[in-house]
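Colleague: Protein chains in written order, with the working numbering: chain A, 707 to 1092; chain B, 8 to 513. All C-beta atoms, glycine included, are put in the ideal place defined by N, C-alpha and C. No experiment lies behind these values; they were computed from the predicted model shown. This is the structure, below, for whatever I ask next.
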């Protein structure tokens, strides 16, 4: 087998300067440099070519072992911001994951996830027809030319169904017409891309894009930064710039901000009252670093009159919740340890309630939350439904 | 040590905990390198693969590990972030690599006495950021501050940003806590005051010792009040002569810039080729100067300095471009894309010899068919750290090796001008042979402190092969001369053109 064939070559450019090591959430837990982007690239470089001297000196390591750390990564992209040579490390790791997984079999959990997306249209191995089970009463399905098409995403559809009902209700109570693809909506494909399955991603993107376009809605809204990144950036990459015919793609924080500025939404009374709550805003990686949506959620919170603290590392430099890059499916304990650090930092800053706007962050935080003492909210839970 | 490894490993695990020690092949491989690429063939000469990688958490753990190593005579190699390029933290005979980055706590900051006490694994950037919260800051720090650790920079005794005003690595230190090769923990100076009394300057003994005498486990670093004003400006020169003249005039004035350094236009040309940064390149040398301090004084100093430079035919660079240049200060090697390998080297030359040094460097590069960029930092009134880098391709082993002759010739050139190469590390100990008395004394000191030669052996005072013999200076010289000849004969190393990434959505 020639592992270097068709493989991306970023490891050739890596300077090994180590700027990425300190910012990597995985290194902060695991410690060893092996898990830093620099270490990963060094190992991949070893994997990429046969070295006579390595064999002679007994230093040869199997490609499978050399490539494994690539899967122990949150794909948070903080290393990209630090990178000396401005490498597109997230794209590289995604690409490498897919290509190496085709050659060498790793964990079958990933394969199951990919299978489920292909078969059921979701990554959670849930039946396709139940996708809109929990919110189908809230919207008019396939309504033509509605103001807003709500794209729920897998995690919101099957796990955080309260959230989707709430988001639709908020939008509707602000006077907007809301439609959805219902159980014709499929996984946005972001997970496929994270695991380097670009061809599968392109197929699913095409199907979703056609359905979205057919609704004739003016705005596509999603509360999931992964879906947002896929719809806003990856779909145009594979399907052309004008994939949605000029339809706007907005994250919930962006549309809520517009509505808040028009005075159409306000803070939920219950949240206003709770004085014991010290909020802190957590930037989801895909939303902040991945898509540059940094000010909107902050402005939204300020407009709603919600006082909140900030993590020391924020915006483009924010630290991951631990659940990025499908890490929870790959290394659950690692994911939990990274997440716990966010709770520790919040505590150091005097906060006990993390606000975010990402179902994946929400789910990771809820999974890792230390007993009783901490609260986690999606930003929409702080908004009133009239 | 392979038969004993398991026994030693379990002893070490007892000291640091299982999660902080590893004998995994992959971990060992990752800790067998630093920033510079070593072709596989080097493995035949040096045993760069550590047997164990350990991440100690405090001085006591370091001491206990060293005691085990001392008993069994195993090499111990302290390592910061591994951002040096001369193999100082790369094993020469396997052994135990101590990854010091777990010791990354800031112990205390003394706002009255302007100092901060931190562990060796903290980065310089973290210290500066922490100090800034207290309206204080570091006087000088390495240009690799986002990654370089306290222990690493002190171990290599380097220079950096702010060196002109506040000195090099050693000048930043009040005291060090050091674990000696037999496990004793000592304090080299005083936390609150400078060591200006009689007695050997032990702090200085460990600064720049490349970890060959002991392991720094704590450092008290001097701070200065955060400057009220910082002013950065840059000047372009069409002629090397004029640039050198203006540097000479600045160092002969009473001005104290915080930073004084320059790059040649090729450096910016490479950046433009890499990422369309659109730097102007219609000059030979671009001088960058930073003044900081009280607002009125800074203003005055800038005016005087600008006057001096203008008289030497310097053209001031516009503000936007200046800021763009200054923002690149931590990212000197962005142009690595053009290589794919970039090899930097650093020599010190006297200010009086800058012009000659640059001319000779360029001539050398031309004769060896290398594409180079040149950067430099003024370390004080009479010393220039000249940092040329060249492009190569490590996958083409013969050519890559032949290019190494550049560093040797550069070192020779610096010595002939009255200077010296910046570091010795794994490869360049033979340069010390010219100073036989010094080498002898340094060896005596090493033997006195480390009789069993366990602390980072094969570095600084000796370039030892894995077979136990040192590389003789004459063989080193002859070998590199041969490489130089090969470099002259082999085809030129062209730089790669990077595809235009503009238009691609980010």
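(1) For residue 229 of chain B, which beta-bridge partners are listed by DSSP?
(2) Going by beta carbon distance, what residues of the same chain come within less than 7 angstroms of residue 383 of chain B, once the five residues before and after it are set aside?
(3) With the cut-off set at 8 angstroms, would you say residue 1036 of chain A and residue 973 of chain A are in Cβ contact?
(4) Which residue wins for smallest C-alpha separation from residue 905 of chain A, given the options A:989, A:871, A:728, A:943?
(5) Please report the straight-line C-alpha distance between residue 1044 of chain A and residue 1029 of chain A, rounded to a whole angstrom.
(6) What does residue 323 of chain B pair with, by DSSP beta-bridge criteria?
(7) Can you find a CB in chain A that lies within less than 8 angstroms of the CB of residue 130 of chain B?
(8) From the DSSP output, which residues share a beta bridge with residue 83 of chain B?
(9) Listed from N- to C-terminal order along the chain, which residues in the stretch 335-358 of chain B have their beta-carbon within a distance smaller than 9 angstroms of any beta-carbon of chain A?
(10) Which one or two residues does DSSP pair with residue 237 of chain B in a beta bridge?
(11) Assuming contact is defined by CB atoms lying nearer than 8 angstroms, are residue 681 of chain A and residue 925 of chain A in contact in what I supplied?
(12) Indicate the three-state DSSP secondary structure (helix, strand or coil) for residue 40 of chain B in the structure shown.
(13) Is residue 924 of chain A near the ligand PLP - that is, is its Cβ less than 7 angstroms away from at least one heavy atom of it?
(14) Which chain A residues sit within Cβ distance under 8 angstroms of residue 471 of chain B?
(15) Touch check for the stretch 825-839 of chain A and the stretch 790-806 of chain A: three-plus C-beta pairs under 8 angstroms?
(16) Below 8 angstroms CB to CB, which residues in the same chain sit around residue 986 of chain A once its five sequence neighbours on both sides are set aside?
(17) At what residues does the beta strand (DSSP E) containing residue 956 of chain A begin and finish?
(18) Quick one: is residue 142 of chain B buried, meaning 16 or more other Cβ sit within 10 Å of its Cβ, or exposed?
(19) Would you mind telling me which residues of chain A sit closer than 7 angstroms to residue 32 of chain B, beta carbon to beta carbon, in chain order?
(20) Using CA coordinates, which residue listed in B:124, B:453, B:132 is at the minimum distance from residue 198 of chain B?
(21) If residue 172 of chain B sits next to residue 263 of chain B, beta carbons under 8 angstroms apart, how far is it from one beta carbon to the other, in whole angstroms?
(22) Give the DSSP-derived three-state secondary structure of residue 854 of chain A in the structure shown.
(23) Under 8 angstroms Cβ to Cβ from residue 828 of chain A, same chain only, skipping five residues before and after it: list those, please.
(24) Going by Cα to Cα distance, which pick from B:219, B:482, B:209, B:281 is closest to residue 346 of chain B?
(25) Curious, which full-length beta strand (DSSP E) runs of at least 3 residues does the stretch 1023-1082 of chain A contain?
(26) Do three or more CB pairs link the stretch 62-82 of chain B to the stretch 459-471 of chain B at distances below 8 angstroms?
(27) For residue 499 of chain B, go through chain A and note every residue whose CB falls closer than 8 angstroms to its CB, in chain order.
(28) Taking Cβ-Cβ distances shorter than 8 angstroms, what residues in chain B pair up with residue 752 of chain A?
(29) For residue 876 of chain A, tell me which candidate among A:729, A:958, A:988 has the shortest Cα-Cα distance.
(30) Could one say the Cβ of residue 25 of chain B lies closer than 8 angstroms to chain A's Cβ atoms, at least one of them?
(31) Report buried or exposed for residue 510 of chain B, applying the criterion of at least 16 other Cβ atoms within 10 angstroms of its Cβ.
(32) Quick one: what's got a C-beta closer than 7 angstroms to residue 933 of chain A's C-beta in the same chain, skipping five residues either side?
(33) I'd like to know whether the C-beta of residue 168 of chain B is nearer than 8 angstroms to at least one C-beta of chain A.
(34) With residue 220 of chain B and residue 179 of chain B assumed to form a contact (beta carbons below 8 angstroms), what rounded beta-carbon distance in angstroms separates them?
(35) Shorter than 8 angstroms from the beta carbon of residue 749 of chain A to some beta carbon of chain B?
(36) Quick one: grab the DSSP three-state call for residue 975 of chain A.
Modeller: By the coordinates alone:
(1) The residue you call residue 229 of chain B lines up with position 222 of the second chain. Its beta-bridge partners are B:122.
(2) Position 376 of the second chain, counting from 1, holds the residue named residue 383 of chain B. Taken in chain order, the residues that qualify are 268, 269, 391, 392, 393, 394.
(3) For this step, residue 1036 of chain A is matched to residue 330 along the first chain. For this step, residue 973 of chain A is matched to residue 267 along the first chain. Their beta carbons are not under 8 angstroms apart, which means residue 1036 of chain A does not touch residue 973 of chain A by this criterion.
(4) The count along the first chain starts at 1 and reaches residue 905 of chain A at position 199. Comparing Cα positions, the closest option is A:943.
(5) For the purposes of this step, residue 1044 of chain A is identified with residue 338 of the first chain, where counting begins at 1. For the purposes of this step, residue 1029 of chain A is identified with residue 323 of the first chain, where counting begins at 1. Near 8 angstroms, if we compare the C-alpha coordinates of residue 1029 of chain A and residue 1044 of chain A.
(6) On the second chain, residue 323 of chain B is found 316 positions in, with the first residue counted as 1. DSSP, once it has assigned bridges, lists B:242 as partnering residue 323 of chain B.
(7) Working through the second chain from its first residue, we reach residue 130 of chain B at position 123. Taking Cβ atoms only, chain A reaches closer than 8 angstroms to residue 130 of chain B, which makes this a yes.
(8) Residue 83 of chain B sits at position 76 when you count from the first residue of the second chain. According to DSSP, residue 83 of chain B bridges with B:103, B:462.
(9) 337, 338, 339, 340, 341, 342, 343, 344, 346, 347, 348, 349
(10) Working through the second chain from its first residue, we reach residue 237 of chain B at position 230. Answer is B:299, bridged to residue 237 of chain B.
(11) This structure does not reach residue 681 of chain A, given that chain A is present from 707 up to 1092, and the question cannot be answered.
(12) Numbered from its first residue, the second chain carries residue 40 of chain B at position 33. Residue state, collapsed to three classes: coil.
(13) Questions concerning the ligand PLP fall outside what the structure shown contains, since it holds no ligand whatsoever.
(14) The residue labelled residue 471 of chain B in the question sits at position 464 within the second chain. Under the 8 angstroms cutoff, chain A gives no residues; its nearest Cβ is about 17 angstroms from residue 471 of chain B.
(15) no
(16) Taking the first chain and counting its residues from 1, the one referred to as residue 986 of chain A is at position 280. Excluding residues within five positions, the ones whose Cβ falls inside 8 angstroms are 1014, 1015, 1016, 1017, 1052, 1055, 1057, 1059, 1060, 1061.
(17) Start at 1 with the first residue of the first chain, and residue 956 of chain A comes out as number 250. First-last of the beta strand (DSSP E) with residue 956 of chain A: 954-957.
(18) Here residue 142 of chain B refers to the residue found at position 135 of the second chain. With fewer than 16 other Cβ atoms within 10 Å, it is exposed.
(19) As a first step, residue 32 of chain B must be located in the second chain, where it is residue number 25. What residue 32 of chain B touches in chain A: 767.
(20) Position 191 of the second chain holds residue 198 of chain B. Among B:124, B:453, B:132, the Cα nearest to that of residue 198 of chain B is on B:124.
(21) Sequence index remark: in the second chain, residue 172 of chain B carries index 165 (1-based). Sequence index remark: in the second chain, residue 263 of chain B carries index 256 (1-based). Indeed, because the Cβ distance is near 5 angstroms, the residues count as touching under 8 angstroms.
(22) Position 148 of the first chain, counted from the start, is the residue given in the question as residue 854 of chain A. The answer is strand: DSSP assigns residue 854 of chain A an E or B state.
(23) Sequence index remark: in the first chain, residue 828 of chain A carries index 122 (1-based). Within the same chain, residue 828 of chain A has close Cβ partners 822, 834, 837, 860, 863, 864, 892, 893.
(24) By 1-based counting over the second chain, the position of residue 346 of chain B is 339. Of B:219, B:482, B:209, B:281, the residue nearest in Cα terms is B:281.
(25) 1059-1062
(26) yes
(27) For the purposes of this step, residue 499 of chain B is identified with residue 492 of the second chain, where counting begins at 1. The contacting residues do not exist; residue 499 of chain B stays about 20 angstroms from chain A at best.
(28) Mapped onto the first chain, residue 752 of chain A falls at position 46. The contacting residues are 36.
(29) For this step, residue 876 of chain A is matched to residue 170 along the first chain. Closest option to residue 876 of chain A, Cα to Cα, is A:958.
(30) As a working note, residue 25 of chain B is residue 18 in the second chain. Chain A, which has no Cβ nearer than 8 angstroms to the Cβ of residue 25 of chain B, makes this no.
(31) Locating residue 510 of chain B in the second chain gives position 503, where the first residue counts as 1. Bear in mind that a pLDDT of 35 at residue 510 of chain B, under 50, signals an unreliable position, so the model cannot answer this.
(32) Taking the first residue of the first chain as 1, we reach residue 933 of chain A at position 227. Excluding positions up to five away in sequence, the list reads 857, 859, 894, 896.
(33) The residue given as residue 168 of chain B occupies position 161 in the second chain. False, the Cβ-Cβ gap to chain A never drops below 8 angstroms.
(34) On the second chain, position 213 is the one that residue 220 of chain B refers to. On the second chain, position 172 is the one that residue 179 of chain B refers to. Their Cβ separation, rounded to whole angstroms, is 19 angstroms, which puts residue 220 of chain B and residue 179 of chain B out of contact at 8 angstroms.
(35) Locating residue 749 of chain A in the first chain gives position 43, where the first residue counts as 1. So, interface residue.
(36) Stepping through the first chain from its first residue, residue 975 of chain A is reached at position 269. Of the three classes helix, strand and coil, the one that applies to residue 975 of chain A here is helix, per DSSP.
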